[in-house]
Amino acid sequence: RHSQTIAEIMGRFFSDASNQRLVFSMKDRLPPASELVQAVLRLFQKPSLKGAIRRQSKKFPFHSYASVTIYWVQVREDGTNRTYVIDSRRVSIHETGWITFDVSQAVNYWQQEGKVNQPLVLEVSIHRENIGPMSSDAHKFIHFSSQNPADGELHAPQLQLHTLDMEEYGAQGNCDPDIPSTQATRCCRRETYINLQDFKWTENWILDPPGFKAYDCVGSCQQLKKEHLNFWSFSAQRKCHVTSTAPLPLIVAVREGDKIVTKVVNLYNMKVTQCSCSSEGMPIMKKLKP
Amino acid sequence: QMEKKIQESLLRQLHLNKIPVLEKADVEHLVIPDHVRTKYVSLMKRSSEEPSPRGK
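Residue numbers (this note's numbering), protein chains in the order written: chain A, 4 to 293; chain B, 51 to 106.
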């Protein structure tokens, strides 16, 4: 404020969002041998009073939408909370009925924490679509049904977990070295040894290691059934993919001026550590921040 | 395929345009210093312990 050299821009609080927390008990909902394909949060939008909507539409004829954002709430050891944006969509005040959000990432974050007895906590924020003098109050007309019997028991928030049994749909770990892999083999990690000494260009240059186990992914995956294909948007062919890798460290000799020195280089993604079956187009889940 | 991948990754990390040519005599008496060996061993250990997500 008192500095001559720093231009000051005043800010104003402009948000009057309404936030609600949803708590889902996850105990025994995701069996250990299952893989989460998609988690869907369903909220029932209650009809707003027609008179109120009419008045609102008259005042702001082109602004009948609000934004609804879903957050995952991480309850940390020290009791503090951290929120992560999961999904967001615009919702019209004229709509009523079920609205769906993809909360797969939230369930994945919850799984990463490994606290199976902890519930999944989501936060629903209903806020203005735009900020500015012309922004409407449409967000004040959006209301979702709760578990309250007055809202109708069938309209309580729902979490749908779509899972696949990995015994049937997953990869099988390492390939059997005694059986040659073919297309009919179930997806597995095949051991391959890369002998660096076999390559002419590595001579007198790559000092260590002489070779390494690289592995690759071979085989095919069980395809989804018809009922899955009707439901999931990414139900393309399931293929055997590399899903986890490790780096390869090397000691190399390099010329620096007149001298030859040794260096360590770490080459990323050189060793396959895991193969999995997945459909193309499936979203890649993010890792939790430390 | 793997050979090409290793070669490209190595050149990129060392900021080299082409494969360096070293004679046997150049490296014959080369001693790998302890700090280089220690770093290599620790990376090797980590590499076999922790799988990292693809694309890291």
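We put the CB at the ideal spot given by N, CA and C, even for glycine.
If you're wondering where the values come from, they're calculated on a predicted model, not measured in any experiment.
Flag this pair as yes or no: are the beta carbons of residue i and residue j separated by less than 8 angstroms?
{"i": "A:Phe144", "j": "A:Gln59", "result": "yes"}
{"i": "B:Val86", "j": "A:Thr265", "result": "yes"}
{"i": "A:Phe202", "j": "B:Glu53", "result": "yes"}
{"i": "A:Cys278", "j": "A:Thr246", "result": "yes"}
{"i": "A:Glu38", "j": "A:Leu167", "result": "yes"}
{"i": "A:Glu56", "j": "A:His97", "result": "The amino acid occupying residue 56 of chain A in the given sequence is Ile; Glu does not appear at that position. Against a cut-off of 8 angstroms, the Cβ pair of A:His97 and A:Ile56 comes out as a contact."}
{"i": "A:Ala141", "j": "A:His66", "result": "yes"}
{"i": "B:Glu73", "j": "A:Asn207", "result": "yes"}
{"i": "A:Phe27", "j": "A:Phe147", "result": "no"}
{"i": "A:Arg85", "j": "A:Phe104", "result": "no"}
{"i": "A:Cys169", "j": "A:Ala36", "result": "Rather than Cys, the amino acid found at residue 169 of chain A in this sequence is Met. Their beta carbons are under 8 angstroms apart, which means A:Met169 touches A:Ala36 by this criterion."}
{"i": "A:Trp204", "j": "B:Ile82", "result": "no"}
{"i": "A:Ile287", "j": "B:Leu80", "result": "no"}
{"i": "A:Asp30", "j": "A:Asn120", "result": "It is Lys, not Asp, that sits at residue 30 of chain A in the sequence shown. Result yes, Cβ atoms of A:Lys30 and A:Asn120 sit closer than 8 angstroms."}
Check the C-beta distance from residue i over to residue j and give it rounded, since I have them as a contact under 8 angstroms.
{"i": "A:Gly173", "j": "A:Cys243", "result": "About 10 angstroms separates the two Cβ atoms, so there is no contact after all."}
{"i": "A:Val127", "j": "A:Ile73", "result": "6 angstroms"}
{"i": "A:Cys190", "j": "A:Val275", "result": "Going by Cβ atoms, the distance from A:Cys190 to A:Val275 rounds to 12 angstroms, so no, they are not a contact pair."}
{"i": "A:Tyr196", "j": "A:Gly214", "result": "6 angstroms"}
{"i": "A:Val267", "j": "B:Lys89", "result": "5 angstroms"}
{"i": "A:Leu25", "j": "A:Leu157", "result": "Going by Cβ atoms, the distance from A:Leu25 to A:Leu157 rounds to 17 angstroms, so no, they are not a contact pair."}
{"i": "A:Val40", "j": "A:Val71", "result": "Contact doesn't hold; Cβ gap of about 23 angstroms is too wide."}
Leaving aside the five residues before and after residue i along the sequence, list all residues of the same chain whose C-beta is less than 6 angstroms from its C-beta, in chain order.
{"i": "A:Ala42", "result": "Val106, Ser107, Val110 and Leu164"}
{"i": "A:Gln161", "result": "Arg45"}
{"i": "A:Leu291", "result": "Tyr112 and Gln115"}
{"i": "A:Phe63", "result": "Ser139"}
{"i": "A:Phe159", "result": "In the sequence as presented, Phe is not what sits at residue 159 of chain A; that position holds Ala. Closer than 6 angstroms at Cβ, skipping near neighbours: Gln150."}
{"i": "A:Lys49", "result": "His146 and Ser148"}
{"i": "A:Asp154", "result": "Ser148"}
{"i": "A:Ala239", "result": "Ser282, Glu283 and Gly284"}
{"i": "A:Gln200", "result": "Pro213"}
Using C-beta distances below 7 angstroms, list every residue in its chain close to residue i, excluding the 5 sequence neighbours before and after it, in chain order.
{"i": "A:Asn269", "result": "Pro250 and Pro252"}
{"i": "A:Leu210", "result": "Ile254, Val255, Ala256 and Thr265"}
{"i": "A:Ala10", "result": "none"}
{"i": "A:Asn133", "result": "none"}
{"i": "B:Gly105", "result": "Any reading at B:Gly105 needs caution, since the residue's pLDDT is 37, under 50, leaving its predicted position unreliable; the model's value is listed next. Answer for B:Gly105: no residue qualifies."}
{"i": "A:Arg258", "result": "none"}
I'd like the list of long-range same chain contacts for residue i, defined as Cβ closer than 8 angstroms, with 5 residues on each side in sequence excluded.
{"i": "A:Glu194", "result": "Asn177, Cys178, Pro180, Lys216 and Tyr218"}
{"i": "A:Arg241", "result": "Tyr172, Cys224, Gln225, Gln226, Leu227, Cys280, Ser281 and Ser282"}
{"i": "A:Arg32", "result": "Leu164"}
{"i": "A:Thr188", "result": "Cys178, Ile182, Val221, Gly222 and Ser223"}
{"i": "B:Leu61", "result": "Asn67, Lys68 and Ile69"}
{"i": "A:Trp100", "result": "This sequence places Gly at residue 100 of chain A; Trp is not what is there. Within the same chain, A:Gly100 has close Cβ partners Phe47 and Gln48."}
{"i": "A:Asn198", "result": "Pro213 and Gly214"}
{"i": "A:Gly260", "result": "none"}
{"i": "B:Asp76", "result": "none"}
{"i": "A:Thr184", "result": "Note that residue 184 of chain A is Ser in the sequence shown, not Thr. Same-chain partners within the cutoff: Cys178, Cys191, Arg193, Val221 and Gly222."}
{"i": "A:Gln186", "result": "Gly222 and Ser223"}
Using a threshold of 7 angstroms, is the CB atom of residue i nearer than that to any non-hydrogen atom of the ligand COA?
{"i": "B:Lys89", "result": "By its list of ligands, the structure shown contains no ligand whatsoever, and the ligand COA lies outside what it can speak to."}
Unbroken stretches of the beta strand (DSSP E), 3 residues or longer, contained in the stretch 144-175 of chain A: Listed in chain order, they are 161-168.
Three CB pairs or more closer than 8 angstroms across the stretch 101-116 of chain A and the stretch 65-77 of chain A: The stretch 101-116 of chain A, when compared against the stretch 65-77 of chain A, does touch it at the 8 angstroms Cβ threshold.
Length at least 4, wholly inside the stretch 43-96 of chain A: the alpha helix (DSSP H) runs in chain order: Every unbroken stretch of the alpha helix (DSSP H) spanning 4 or more residues and falling wholly within the stretch 43-96 of chain A is given here in chain order: 53-62.
Whole beta strand (DSSP E) elements within the stretch 222-262 of chain A, 3-residue minimum: Fully contained in the stretch 222-262 of chain A are the following beta strand (DSSP E) runs of length 3 or more, in chain order: 241-259.
Ordered list of beta strand (DSSP E) runs contained in the stretch 91-126 of chain A, each at least 3 residues: The beta strand (DSSP E) runs lying completely inside the stretch 91-126 of chain A and spanning 3 residues or more are 100-105, given in chain order.
Complete alpha helix (DSSP H) runs within the stretch 185-213 of chain A (minimum length 4 residues, chain order): Runs of the alpha helix (DSSP H) lying entirely within the stretch 185-213 of chain A, each at least 4 residues long, are absent.
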